[in-house]
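Report on the structure given below.
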Amino acid sequence: EDLTLRTVSDVENRQSLIYGIGEQQLEVVVSKLLARYKVDMVLSKPKFAFRETLRKKVEVQGKYKKQSGGHGQYGDVKMEFEPSGDLEKPYVFEERVFGGAVPKNYFPAVEKGIQECVLKGPLAGYPVVGLKATLVDGSYHPVDSSELAFKMAATMAFKKGFMDANPVLLEPIASLQVTVPDKFTGDVMGDLNRRRGRVLGMNSDHQGTQGI
């Protein structure tokens, strides 16, 4: 009925979002749903889609070793973790292994371990972005090494390295411009401040309005 209303299913944060032109409009919608359809909605502030990233370069070792009769499991990696500079991508994987310290057929398993880890970061459980992971060294066993062992070793290295690399949460931001009559400038500025907005500049069009 109201074209200014929009609903979105936010799968990542497991919430349904209702967009409107103001809080009063949303309150009216909630009242109508209760009165007309007997739908009692529980309202809360939207959850933020945080991301995790790291701020310095570290080098760590991850060794997975398991022996339980018969063939064991052995995987050993030395990895560098550092900012990639691209927060649009979860991770970049490279390898600089010399002398066959880690056979090439285990490289995909190492990357697979990193690929799974960045889905849920160790800091607060949010997806990781802006990570560069480089396999630089390691060791293997001719009998006990396996793809699973090297995947586990990479996972162990990531969890330790990420927490040692000054991890931080990233909060989404949006840029907007507000045009408002001069007499309401103070009220709008106050509202923006309450919502943790940062005013980057103001300009007047000399016609009684301010651009914020």
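Be aware that the sequence shown starts at 1, since it is given in UniProt numbering, and climbs by one per residue. Glycine included, each C-beta is placed from N, C-alpha and C at the ideal position.
Where residue i and residue j are concerned, what is the direct C-alpha to C-alpha distance, given to the nearest angstrom?
| i | j | result |
| --- | --- | --- |
| residue 232 | serine 44 | Nothing can be reported for residue 232: it is not among the residues displayed for the chain, which extend from 1 to 212. |
| proline 172 | phenylalanine 50 | 7 Å |
| lysine 112 | glutamate 27 | 47 Å |
| glutamate 80 | proline 142 | 25 Å |
| lysine 66 | tyrosine 74 | 7 Å |
| valine 188 | valine 180 | 8 Å |
| alanine 133 | glutamate 94 | 6 Å |
| aspartate 116 | leucine 5 | The sequence given here has glutamate at residue 116, not aspartate. Whole-angstrom Cα-Cα distance: 37 Å. |
| aspartate 2 | lysine 120 | 38 Å |
Can you check whether the CB of residue j is closer than 7 Å to the CB of residue i?
| i | j | result |
| --- | --- | --- |
| alanine 101 | glycine 72 | no |
| lysine 57 | alanine 153 | no |
| valine 128 | arginine 96 | no |
| glutamine 207 | threonine 185 | no |
| threonine 7 | isoleucine 18 | yes |
Figure out for me which residue from the options has the closest Cα to the Cα of residue i.
| i | options | result |
| --- | --- | --- |
| lysine 160 | Val60, Gly197, Lys56 | Val60 |
| arginine 196 | Thr179, Asp182, Asp205, Ser175 | Ser175 |
| glutamine 177 | Gly20, Phe93, Asn203 | Asn203 |
| lysine 47 | Ser9, Arg194, Gly70 | Ser9 |
| alanine 149 | Val29, Asn13, Asn105, Met189 | Asn105 |
| valine 110 | Thr4, Gly99, Asp76 | Asp76 |
| tyrosine 140 | Pro103, Gly70, Val92, Ile21 | Pro103 |
| phenylalanine 107 | Lys78, Gly85, Gly125 | Lys78 |
Around the Cβ of residue i, are there at least 16 other Cβ atoms within 10 angstroms (buried) or fewer (exposed)?
| i | result |
| --- | --- |
| residue 274 | Absent from the model: residue 274. The displayed extent of the chain is 1 to 212, so no value can be given. |
| methionine 41 | exposed |
| isoleucine 114 | buried |
| residue 238 | Lying outside 1 to 212, the shown extent of the chain, residue 238 is not represented and no answer is given. |
| lysine 151 | buried |
| tyrosine 91 | buried |
| serine 146 | buried |
| glycine 85 | exposed |
Give me, in chain order, the residues of the same chain whose beta-carbon lies closer than 8 Å to that of residue i; leave out the 5 immediate sequence neighbours on both sides.
| i | result |
| --- | --- |
| threonine 53 | Pro83, Leu87, Val128, Val129, Gly130, Leu131, Pro167, Val168, Leu170 |
| lysine 183 | none |
Spatial neighbours of residue i within its chain, please: CB distance less than 6 Å, with the 5 preceding and 5 following residues excluded, ordered by chain position.
| i | result |
| --- | --- |
| glutamine 15 | Lys47 |
Please list, in chain order, all residues of the same chain as residue i whose beta carbon is under 7 Å from its beta carbon, the five residues on each side excluded.
| i | result |
| --- | --- |
| aspartate 164 | Val58, Val60 |
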